[in-house]
Amino acid sequence: MIFYIIRRFLFLPIILLGISLIIFVLFSRLSEYQRLATYINNPERLKSTDLDKLIELYGLRDPAIIQYGRWLKNVFSGNLGWSYVGKEPVYNAILRRFPFSVELTIFSVIPIILLGTWFGVLSAIHHNRPLDHTLRIFSVVGWSFPDFVFGLFILMIFYSSLNWFPPGNLSIWASDILKTSLFRSYTGMLTIDSLLNRRLDIFFDALRHLIGPVITLTYVELAFILRITRSSMLEVLQKDYIRTARAKGLSEKVVINKHAKRNAMIPVATVSGQTVLGLLSGTVIVETIFNRTGLGSFMALAAQQLDYASIMGGTLFFGFILIIGNLIVDVSYAVIDPRVRLE
Amino acid sequence: MNKPSLLLDVKDLRVFFYNDNKEELHAVDGVTFQVYCGETVALVGESGCGKSVTSLALLRLIDSNGRITGGEITFAGINLLHLSKKQMQGIRGKDISMIFQEPSTALNPVFTIGDQIMETIILHQHVNQKEARDIAEGMLKIAGIPDPGKRLLEYPHELSGGMKQRAMIAMALSCRPKLLIADEPTTSLDVTIQAQILELIRDLQQKLNMAVILITHDLGIVADMANRIIVMYAGKIVEEGNRQDIFKDPSHPYTIGLLRSIPRLDIHQEKLSSIPGMVPDPVHFPSGCRFRNRCPLADPLCQQEPSSALISDHHFVYCHHWKRKAELQAESFTNE
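Chains A and B, in that order, are what the protein sequence lines are.
Residue numbers for the first sequence follow numbering that gives the first Met the number 0, beginning at 0 and rising by one.
Residue numbers for the second sequence follow numbering that gives the first Met the number 0, beginning at 0 and rising by one.
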């Protein structure tokens with residue numbers, strides 16, 4: 000088990016190097032002038048300086064391998080260039096927005112996995128009976144809905160008509176308090192920070208703003224987990240060891256919840272990991288619709304405005320997150336399935 | 000010797016399955032037999048003859064597309080078919096245990112051996128974790144597993160096939176059942192391990208004084224283990240008798256064919272005998288005697304259901320023509 004994890008960790012730098020290389024190669028297709036943008040921390044300087052001199056200064060016409068080495072060195076020291084969209088260094092822009100995306104992911108993934116596996120197991124137990132059909136239709140409708148359409152429905156109902164769940168991250172009064180020195184930021188996640196600051200009012204305000212996007216993401220993503228759980232559970236229920244468990248005199252509840260579920264969860268764990276990673280990097284549309292600050296909406300804006308530094312930095316960051324995430328998924332796999340531990 | 004007391008009395012058991020076309024499959028059709036305390040009864044027949052379904056029906060573990068549609072299963076004086084689900088769970092694993100053909104798939108891969116054995120013990124004997132562990136360790140030791148304390152913590156994939164079957168046996172016997180159903184317990188094991196496992200079952204049977212229903216198509220095992228033999232064909236019993244009756248004086252044409260198909264060392268044979276044809280499709284079992292389309296003795300009388308004929312004490316046969324068995328030559332069962 001330990002060796003398995005260590006070996007996975009040893010591969011980590013190699014994969015990261017590969018990602019950085021791909022990003023660099025893509026980036027090197029741009030002209031020197033476009034690439035120069037990532038080196039300029041203060042746009043004012045561009046007006047007074049000769050661009051060609053700057054290109055010489057940063058060695059943007061040097062051989063690719065030297066440029067790659069230099070860029071890598073910058074990346075390691077946390078210098079990802081200047082974000083034109085964020086009006087701050089890319090590194091800061093990402094770190095400031097990432098917690099918001101993490102927060103939305105955490106709040107969405109809990110109902111997605113809990114409801115998805117619960118419905119999936121119910122569906123499998125009631126195989127081809129009315130409850131199974133109902134759940135499958137419910138989930139397929141959600142899956143077929145584009146998230147921007149469903150998100151707009153939610154906004155129309157719960158914001159326009161009922162005014163329960165407004166868009167954005169926080170109400171204006173609450174974000175004003177955040178700017179004062181009374182409120183200390185610990186994690187960057189509003190719900191957690193507000194609790195640590197003992198501001199229940201801000202906590203509930205942040206929660207109120209989370210509900211809309213969480214409902215949207217849950218309904219849209221639920222189907223995937225449900226389907227995997229259902230098919231995996233149906234397969235497991237046919238296995239000999241389920242018959243053994245019944246022959247031992249275990250109640251149907253124990254047979255399902257202990258013997259069947261534990262085995263059925265193996266593929267679900269992988270898929271859940273992918274869902275989490277997908278949410279972390281792929282909430283672009285939901286963040287945009289609900290007008291939330293976050294990494295998704297930031298990247299969308301950066302792409303629209305051709306902010307190369309932000310796109311590059313963001314891509315590298317997402318790559319990093321994906322690899323770490325996959326590592327966690329693989330380790331959790333080994334925890335659930337003892338057969339993986341030996342290999 | 001006193002006549003041992005009756006443990007299991009199965010009367011006219013019927014198990015029907017329903018396929019996707021809503022057709023009825025009469026997998027077990029009117030099976031009647033008894034098992035006495037401490038004896039070994041072998042249920043013999045080709046694949047698909049209903050022997051496994053019969054054994055699963057005893058535990059009421061028929062798959063959801065099948066149903067016990069008639070009959071009585073009386074175990075130690077209780078009709079199992081009248082018990083509630085909960086009462087039935089109290090019987091399974093405690094009074095009637097079962098071991099299966101394929102130990103690698105019959106054990107849950109994600110729980111340790113110890114966990115799986117202790118689960119049964121805690122469920123039926125109401126002991127705590129520590130006591131259950133001690134009982135489980137003791138059972139593994141009895142089942143001939145070396146270093147049982149360590150094995151308790153291992154997962155099924157860390158054990159060999161023979162060890163897994165020993166662990167299954169330890170699990171099945173951990174609550175000292177009165178009846179063990181062994182569904183082809185050695186089919187997936189190699190020959191030397193087979194002998195050890197059978198020896199273990201026989202040994203534990205004597206120690207615990209339990210009855211064993213041994214389901215197999217291996218007549219060598221039957222000759223070795225069984226006190227009584229029940230031969231099944233296409234969901235019905237065709238012949239039942241003591242071991243000597245069946246091996247020395249087989250009376251149903253099917254039993255005779257089955258015995259002829261075993262290679263023998265003492266008789267020179269160019270070719271192995273076999274019964275011509277195949278087991279009929281369960282949706283279209285022939286009326287009357289179900290063996291008649293493969294039987295060399297068949298005539299129009301066989302379209303009527305044969306009743307049981309008593310040949311000698313405890314030796315029954317369901318055949319109209321059992322008295323003509325001498326006409327059956329070895330050649331009649333040779334596939335040319």
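Where a beta carbon is used, it is the ideal one built from N, C-alpha and C, also for glycine.
Is the Cβ-Cβ distance between residue i and residue j less than 7 Å?
i	j	result
D182(B)	Q100(B)	yes
A131(B)	I121(B)	yes
Q304(A)	V148(A)	no
T228(A)	V254(A)	no
S63(B)	T119(B)	no
L327(B)	I255(B)	yes
T211(B)	V43(B)	Strictly speaking, residue 211(B) in this sequence is Val, with Thr absent from that position. Not closer than 7 Å, so no.
G37(B)	P3(B)	yes
R175(B)	L207(B)	yes
F289(A)	P166(A)	yes
L179(B)	M138(B)	no
R13(B)	T73(B)	no
Rounded to whole angstroms, what's the CA-CA distance from residue i to residue j? Just pull it up for me.
i	j	result
Y90(A)	I21(A)	20 Å
A361(A)	L103(A)	Since the first and last residues shown for chain A are 0 and 342, residue 361(A) lies out of range.
T215(B)	V101(A)	59 Å
S260(B)	S273(B)	5 Å
V126(B)	G89(B)	15 Å
V221(B)	A41(B)	6 Å
L195(A)	F75(A)	32 Å
P212(A)	I112(A)	16 Å
T111(B)	P155(B)	7 Å
Y35(B)	I245(B)	18 Å
T215(A)	D200(A)	24 Å
F164(A)	L276(A)	26 Å
P145(B)	G272(A)	41 Å
M0(B)	Q204(B)	With a pLDDT of only 45 at M0(B), under the threshold of 50, the placement of this residue in the model should not be trusted, and no figure is reported.
I98(B)	R135(A)	37 Å
Q303(B)	C318(B)	10 Å
L35(A)	T179(A)	37 Å
A205(A)	F99(A)	11 Å
E342(A)	F2(A)	Caution is warranted here: a pLDDT of 49 is assigned to E342(A), below 50, making its placement in the model unreliable, and no coordinate value can be reported.
I77(B)	A259(A)	31 Å
D175(A)	F118(A)	41 Å
S27(A)	E87(A)	23 Å
N334(B)	P275(B)	Residue confidence for N334(B) is low, a pLDDT of 49 falling below 50, so the modelled location carries little weight and cannot support an answer.
V190(B)	D133(B)	32 Å
R197(A)	D239(A)	53 Å
V30(B)	K235(B)	6 Å
Closest to residue i by CA distance: which of the options is it?
i	options	result
V52(B)	D28(B), H313(B), N208(B)	D28(B)
G318(A)	A301(A), L279(A), D239(A)	L279(A)
H25(B)	V34(B), F15(B), T111(B)	F15(B)
A75(B)	A166(B), A169(B), K177(B), I220(B)	K177(B)
K93(B)	L58(B), R66(B), I220(B)	L58(B)
N256(A)	L177(A), A123(A), T215(A), I323(A)	A123(A)
E136(B)	I168(B), P108(B), G47(B)	I168(B)
E45(B)	P275(B), Y232(B), L213(B)	Y232(B)
K33(B)	G240(B), T68(B), S159(B)	It should be noted that the sequence gives Gln, not Lys, for residue 33(B). Taking only the C-alpha atoms, the option nearest Q33(B) is G240(B).
F297(A)	R7(A), F10(A), R95(A), R28(A)	R95(A)
R6(A)	M155(A), V330(A), D336(A)	V330(A)
S103(B)	T186(B), R91(B), C301(B)	T186(B)
T269(A)	V334(A), V328(A), R28(A), I4(A)	V328(A)
F106(A)	A36(A), H208(A), S174(A)	H208(A)
W321(B)	D312(B), H251(B), D265(B)	H251(B)
D336(A)	I310(A), A302(A), I265(A)	I265(A)
W172(A)	I191(A), G150(A), F202(A), S160(A)	F202(A)
F110(A)	H126(A), I210(A), R261(A), A302(A)	In the sequence as presented, Phe is not what sits at residue 110(A); that position holds Pro. P110(A) has its Cα closest to that of I210(A), out of H126(A), I210(A), R261(A), A302(A).
For the ligand ATP, is there a heavy atom less than 6 Å away from the beta-carbon of residue i?
i	result
A142(B)	The ligand ATP is not part of this structure, which contains no ligands at all.
The region 34-61 of chain B: positions lying closer than 9 Å to chain A by Cβ: For the region 34-61 of chain B, which is checked against every Cβ of chain A, the residues closer than 9 Å are L55, L58, L60.
Counting Cβ pairs, one atom from each stretch, are 3 or more of them under 8 Å apart for the region 52-60 of chain A and the region 279-286 of chain A? Three or more Cβ pairs closer than 8 Å define a contact, and the region 52-60 of chain A falls short of that threshold against the region 279-286 of chain A.
Give, in chain order, every residue of the region 245-264 of chain A whose Cβ lies closer than 7 Å to some Cβ of chain B. Flagged, chain order: R245, A246, K247, G248, L249, S250, H258, R261, N262.
Decide if the region 292-301 of chain B is in contact with the region 275-283 of chain B; the criterion is three or more beta carbon pairs, one per stretch, under 8 Å apart. A contact exists between the region 292-301 of chain B and the region 275-283 of chain B.
To be precise: take each residue of the region 147-167 of chain B, compare its Cβ to all Cβ atoms of chain A, and keep it if any distance is under 7 Å. Which residues remain? Of all residues in the region 147-167 of chain B, Y154, H156 have a Cβ within less than 7 Å of some Cβ in chain A.
Counting beta carbon pairs with one atom in the region 230-249 of chain A and one in the region 180-192 of chain A, are three or more of them shorter than 8 Å? Touching, no, given that fewer than three Cβ pairs across the two stretches are closer than 8 Å.
I'd like to know if the region 230-242 of chain A and the region 130-147 of chain A are in contact, where contact means that at least 3 CB-CB pairs between them fall below 8 Å. Touching, no.
By the 9 Å beta-carbon criterion, what residues does the region 107-141 of chain B contribute toward chain A? Interface annotation for the region 107-141 of chain B against chain A: N107, P108, V109, F110, T111, Q115, E118, T119, L122, H123, criterion Cβ-Cβ distance under 9 Å.
Output, in sequence order along the chain, the residues in the region 88-106 of chain B whose CB is closer than 8 Å to any CB in chain A. Hits within the stretch, in order: Q88, G89, I90, R91, G92, K93, S96, M97, F99, E101, T104, A105, L106.
In the region 222-248 of chain A, which residues sit with their C-beta less than 8 Å from some C-beta in chain B, listed in chain order? Cβ contacts with chain B come from K238, D239, Y240, R242, T243, A244, R245, A246, K247, G248.
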